[in-house]
Amino acid sequence: MTNALKYLKTLGIFMAYLLISNFFISLLYLYTNLSKNACNIITFISTLLIFIILGFKYGHQSNNKGYKSGLKISSILVLTLFIISLFFKDFFSLSKVIYYLVLILGSTLASVFGINAKKGA
Numbered sequence: 031m032t033n034a035l036k037y038l039k040t041l042g043i044f045m046a047y048l049l050i051s052n053f054f055i056s057l058l059y060l061y062t063n064l065s066k067n068a069c070n071i072i073t074f075i076s077t078l079l080i081f082i083i084l085g086f087k088y089g090h091q092s093n094n095k096g097y098k099s100g101l102k103i104s105s106i107l108v109l110t111l112f113i114i115s116l117f118f119k120d121f122f123s124l125s126k127v128i129y130y131l132v133l134i135l136g137s138t139l140a141s142v143f144g145i146n147a148k149k150g151a
């Protein structure tokens, strides 16, 4: 039960970060003359950053096999993003698959670095 609560807490942190960062990015787009592509890049980088932070955190807390904890947490978060995108009728495309794979890879690598940082300390 504690693992489920841990994942729900992480999902809540992720959703809150996603809402807040997208709010500020939309304000940037509205009140500055940033292009849509620049805002998309900023959104991607901020989403990748939260995946890396959460992957590192889970790898640091893991006892063994950091990549497994990174894959677990990133799979949960990517599944959440996928369900949200289906809710808004966003079509499934190759670019979305690559986007999700980059997020999973970032979280997994950060989790491996997290467990190595714990072993080195």
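Start counting the sequence shown at 31; every next residue gets the next number (this note's numbering). Yeah, the Cβ is synthetic: ideal placement off N, Cα and C, and Gly gets one too.
What span of residues does the alpha helix (DSSP H) with residue i cover, start to end?
i, result
"residue 119", "That residue, residue 119, is in no alpha helix (DSSP H); it is neither H nor E in DSSP."
"residue 77", "66-91"
Return the Cβ separation of residue i and residue j in integer angstroms, given the expectation that the two are a contact with Cβ distance under 8 Å.
i, j, result
"residue 145", "residue 90", "7 Å"
"residue 106", "residue 37", "6 Å"
"residue 76", "residue 88", "19 Å between Cβ atoms; not a contact."
Can you grab the Cα-Cα spacing for the pair residue i / residue j, in whole Å?
i, j, result
"residue 135", "residue 123", "18 Å"
"residue 74", "residue 147", "26 Å"
"residue 66", "residue 53", "14 Å"
"residue 118", "residue 110", "13 Å"
"residue 131", "residue 64", "27 Å"
"residue 68", "residue 129", "16 Å"
"residue 121", "residue 32", "35 Å"
"residue 44", "residue 93", "23 Å"
Short check: CB of residue i to CB of residue j, under 8 Å?
i, j, result
"residue 51", "residue 85", "no"
"residue 115", "residue 81", "no"
"residue 138", "residue 97", "yes"
"residue 78", "residue 35", "no"
Less than 7 Å between the CB of residue i and some heavy atom of the ligand MN, yes or no?
i, result
"residue 88", "Among the components of this structure there are no ligands whatsoever, and the ligand MN is therefore not found."
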